[in-house]
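Q:
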Amino acid sequence: SLVASLQSENAGLKSQIESIKSKFPTSTQMSFISGKVIKVEADSVTINSSAPMANPLEDLPSIRTIAVNSGTRIISHGKKTEQEMQQDLQRYNAMISNQTLMEKINITNPQPPGSYKEVSLSLSSIKVGDLVVAEAGRDIKFEEKFIAQRIVILQNNAG
Numbered sequence: 005s006l007v008a009s010l011q012s013e014n015a016g017l018k019s020q021i022e023s024i025k026s027k028f029p030t031s032t033q034m035s036f037i038s039g040k041v042i043k044v045e046a047d048s049v050t051i052n053s054s055a056p057m058a059n060p061l062e063d064l065p066s067i068r069t070i071a072v073n074s075g076t077r078i079i080s081h082g083k084k085t086e087q088e089m090q091q092d093l094q095r096y097n098a099m100i101s102n103q104t105l106m107e108k109i110n111i112t113n114p115q116p117p118g119s120y121k122e123v124s125l126s127l128s129s130i131k132v133g134d135l136v137v138a139e140a141g142r143d144i145k146f147e148e149k150f151i152a153q154r155i156v157i158l159q160n161n162a163g
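For the sequence shown, this note's numbering assigns the number 5 to the initial residue and increments by one for each residue that follows.
1) Determine the extent of the beta strand (DSSP E) in which residue 67 is found, giving its start and end residues.
2) Is it buried or exposed, residue 63, if we count other Cβ atoms within 10 angstroms and call 16 or more buried?
3) In terms of residues, what are the limits of the alpha helix (DSSP H) holding residue 15?
4) Alpha carbon to alpha carbon, what distance is there between residue 130 and residue 81?
5) From 47, 34, 127, 45, pick the residue whose C-alpha is nearest to that of residue 53; which is it?
6) Which stretch, first to last residue, makes up the beta strand (DSSP E) that contains residue 2?
7) Per the DSSP calculation, residue 82 is bridged to which residue(s)?
Structural data, given as structure tokens:
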């Protein structure tokens, strides 16, 4: 019968899909997600995720709502002033010249100070169109809504 034939064909196709899926790598966990902000509310940000798909057959949500609470840090990277750079360089030079301190705090290859610093912001600093990374500190791979520990504004389109 036609129905039996279609059911058999359908089962065969499902089997082929499962076989193909098994050939793609599966990412075990995702603790952060990046994307473009499409909505900002009083206690959340909604993004259109640009998650890299290791496996295009995994059905991950592209729209994610990131809840913000009192423990969420919202930051951006701002350029250090010349004075801040000089102070960081002095601290770095003092640290690397003190071998006893280096051994005590177990630093073998200290990194010189960078020219950017974290700038703390509030939720109102995030605007539609901004590119952000939200870090959850736990697996959020399939979650459409989660509480962020930290949100980093990578590209701010407001200013």
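Backbone N, C-alpha and C define an ideal beta-carbon position, used for all residues, glycine too.
A: Let me spell this out:
1) Looking up residue 67 in the sequence shown gives position 63. Run containing residue 67: 67-71, per the beta strand (DSSP E) assignment.
2) In the sequence shown, the residue the question calls residue 63 occupies position 59. Exposed is the call here.
3) For the purposes of this step, residue 15 is identified with residue 11 of the sequence shown, where counting begins at 1. First-last of the alpha helix (DSSP H) with residue 15: 6-25.
4) Stepping through the sequence shown from its first residue, residue 81 is reached at position 77. Stepping through the sequence shown from its first residue, residue 130 is reached at position 126. Annotation: residue 81 to residue 130 spans about 14 angstroms, alpha carbon to alpha carbon.
5) By one-based count along the sequence shown, residue 53 stands at place 49. Residue nearest to residue 53 within the set 47, 34, 127, 45 is 34 (criterion: CA-CA distance).
6) Within the shown structure, residues of the chain are numbered from 5 to 163, placing residue 2 beyond reach of any answer.
7) As a position in the sequence shown, residue 82 is number 78, starting the count at 1. 121.
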